Amino acid sequence: MQGNEIITEIFQKIEKLRKLAPGEKEALSYFMIQRQWMLEYKLSNSGYQPLSSIDHKRANVPYSKTLLDWIQQFPQESQLGALALGLSVHYITEKEFNNFLGSCASQINSINTEHIRRREQGWKIIPYALTDRTDIYGKLVHRIGSEGTSNADTKIPGPLESFIIQAAMTINHATGTQPLPYERFDLKPLIHSLLNKTYLIIEDWSLSGRTMGADISDFLHLLKVIFSTDKIRTAARSARFHLPELMVVLPFATEDALKRIKQILSQSDVGYSLRYHVITGFVFEADDRLAKGCTPDFIKNLSLCMPRIKWGSEAHNACEAFARIFTASSPEFAHGGKLDEEILKYGYGKKGWTIVGFHNCPDNSLPLYWKPFRMTSNKDFIPIFPRIISKVSHKGTGDEIRSMLDDTEQKQKILESKVIKVIKEIEREQG
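Take 664 as the starting number for the sequence shown in the working numbering and just add one per residue.
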């Protein structure tokens, strides 16, 4: 069936649409068909990867057929809201993503040029992603020409939290708190990896800022411990080394996420004046979310097209119906042993984003789009954009890091002498 035929079938199946007058049906169906064609065009040119890898090359095409099958899983009384939300998807294609990634790369290269202008010799960018389940790492580091990234398929060496944990273990080893018989816990490579470096932290998108913010806080705590005393900082500067900078790269972000991340950076206390940059490609506005008094643009337009249907209420009803389906089987939405139904309705952050990327669906978006996860054993509900889990923890490794880097006075004295010694060794080696 063609898209317009399937939309007609959807009108026949949903009672509230069947009751519309012929002229109303015609106007509303035309409006919906235009939206469906736009989504289908995007998906035809940039299939949803979590499905295309296991299904077919152009996943979710035709979108109208996928939409019909998905809607019919909802109770009859909430299918109208599901239809509105299924057509409200803000789908980001691979081309769009790459364009905004290119914008980020241009901003990074401008900052690099500034380092050269200041004659900061030997300055390097060290890129890390928050998760190893992303292909944006290779795409970005190849574009900025970071050392060792001539291959566009460069794989991430490990997520940021893995680096932080190993660094904390190295410090514990160096101070005798937790001796480890491995060369990889030598303090010298760690200090060398921090001096004259900008740590570039990238996340494909940040809709709440919680995950990125937690990992940034952990990294800043690590810097505070290593460069904790005036003697260490003076030794580094005397050797003409610059202390680490930070660059946060978000091809897609929300205003809330940016506010949270910038606040963490501006209030950071690492013992020295931290230079940092926050680079974004595209900032989402409230028109792409449902909860917290906001309504997606498409649903606003539906209300203009057919004002006697309360489209916003219908959309919320669909979220509530979905939550009822999964209330008994959603341990990942439980906090302190108690299920958070608002998260089950509106996603992490409870903002109800309608955003889907070609490579994955954010868990801040409406769970009715992506739950259950791809490859799940739960077959009771088939999501329209099944999500691949990219990062399990939304809290960072803060508690673990802080317990490993317990700032006792004795430990700081030991660390201070060893870090200064390493700085002097690196200075001699570099002439």
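Backbone N, C-alpha and C define an ideal beta-carbon position, used for all residues, glycine too. All values reported here derive from a predicted model rather than from experimental measurement.
Distance, residue j Cα to residue i Cα
i, j, result
"residue 756", "residue 950", "19 angstroms"
"residue 1085", "residue 883", "21 angstroms"
"residue 831", "residue 885", "7 angstroms"
"residue 813", "residue 807", "With a pLDDT of only 46 at residue 813, under 50, the local geometry of the prediction cannot be trusted, and the value read off the model is given with reservation. Cα-Cα distance, rounded: 10 angstroms."
"residue 946", "residue 871", "12 angstroms"
"residue 869", "residue 786", "28 angstroms"
"residue 1038", "residue 1082", "With a pLDDT of 43 at residue 1038, under the threshold of 50, the modelled position of this residue cannot be trusted; read the value that follows with caution. Roughly 47 angstroms between the two C-alpha positions."
"residue 692", "residue 759", "28 angstroms"
"residue 990", "residue 738", "15 angstroms"
"residue 811", "residue 867", "Residue placement at residue 811 is flagged as unreliable, the pLDDT there being 43, under the threshold of 50; the coordinate-derived value follows with that caveat. C-alpha separation (whole angstroms): 21 angstroms."
"residue 952", "residue 850", "47 angstroms"
"residue 671", "residue 683", "13 angstroms"
"residue 965", "residue 985", "22 angstroms"
"residue 745", "residue 976", "11 angstroms"
"residue 875", "residue 697", "37 angstroms"
"residue 917", "residue 911", "14 angstroms"
"residue 667", "residue 829", "56 angstroms"
"residue 1091", "residue 769", "35 angstroms"
"residue 686", "residue 771", "54 angstroms"
"residue 873", "residue 858", "28 angstroms"
"residue 1050", "residue 749", "16 angstroms"
"residue 1109", "residue 979", "Nothing can be reported for residue 1109, as the shown portion of the chain is limited to 664 through 1094."
"residue 681", "residue 673", "9 angstroms"
"residue 669", "residue 700", "12 angstroms"
"residue 777", "residue 896", "23 angstroms"
Nearest candidate by alpha-carbon position, reference residue i, set the options
i, options, result
"residue 1052", "713, 680 and 682", "713"
"residue 934", "945, 901, 890 and 925", "890"
"residue 775", "691, 863 and 731", "863"
"residue 1018", "878, 702, 688 and 876", "702"
"residue 679", "1027, 752 and 747", "747"
"residue 1078", "894, 962, 917 and 901", "894"
"residue 731", "675, 987, 801 and 789", "675"
"residue 1097", "853, 761 and 833", "Nothing can be reported for residue 1097, as the shown portion of the chain is limited to 664 through 1094."
"residue 1080", "986, 764, 924 and 892", "892"
"residue 1093", "855, 792, 766 and 773", "855"
"residue 1048", "805, 729 and 857", "729"
"residue 767", "711, 963 and 805", "805"
"residue 1025", "974, 711, 704 and 880", "711"
"residue 881", "839, 694 and 824", "824"
"residue 1074", "839, 902, 974 and 901", "839"
Close beta carbons around residue i, own chain, < 6 angstroms, minus the five adjacent residues each side
i, result
"residue 939", "909 and 928"
"residue 677", "742 and 743"
"residue 753", "951, 1017 and 1018"
"residue 709", "756, 757 and 1021"
"residue 974", "747, 962, 965 and 966"
"residue 937", "931"
"residue 1004", "986"
Check whether residue i and residue j have beta carbons under 9 angstroms apart
i, j, result
"residue 822", "residue 861", "no"
"residue 954", "residue 1008", "yes"
"residue 1029", "residue 1020", "no"
"residue 961", "residue 1089", "no"
"residue 848", "residue 837", "yes"
"residue 906", "residue 981", "no"
"residue 1043", "residue 988", "yes"
"residue 878", "residue 1012", "no"
"residue 1010", "residue 1027", "yes"
"residue 865", "residue 790", "yes"
Cβ separation of residue i and residue j, assumed to be a contact under 8 angstroms, to the nearest whole Å
i, j, result
"residue 914", "residue 944", "4 angstroms"
"residue 751", "residue 1046", "Not really, about 15 angstroms apart at Cβ, beyond 8 angstroms."
"residue 941", "residue 925", "6 angstroms"
"residue 1087", "residue 898", "7 angstroms"
"residue 799", "residue 853", "Actually they are not in contact, since the Cβ atoms of residue 799 and residue 853 sit about 26 angstroms apart, beyond 8 angstroms."
"residue 888", "residue 972", "Contact flag wrong, Cβ pair sits at about 58 angstroms."
Cβ-based neighbour list, residue i, same chain, cut-off 8 angstroms, excluding 5 preceding and 5 following
i, result
"residue 983", "741 and 1008"
Proximal residues to residue i (C-beta, below 7 angstroms), its chain only, five neighbours per side dropped
i, result
"residue 690", "968"
"residue 957", "949"
"residue 932", "887"
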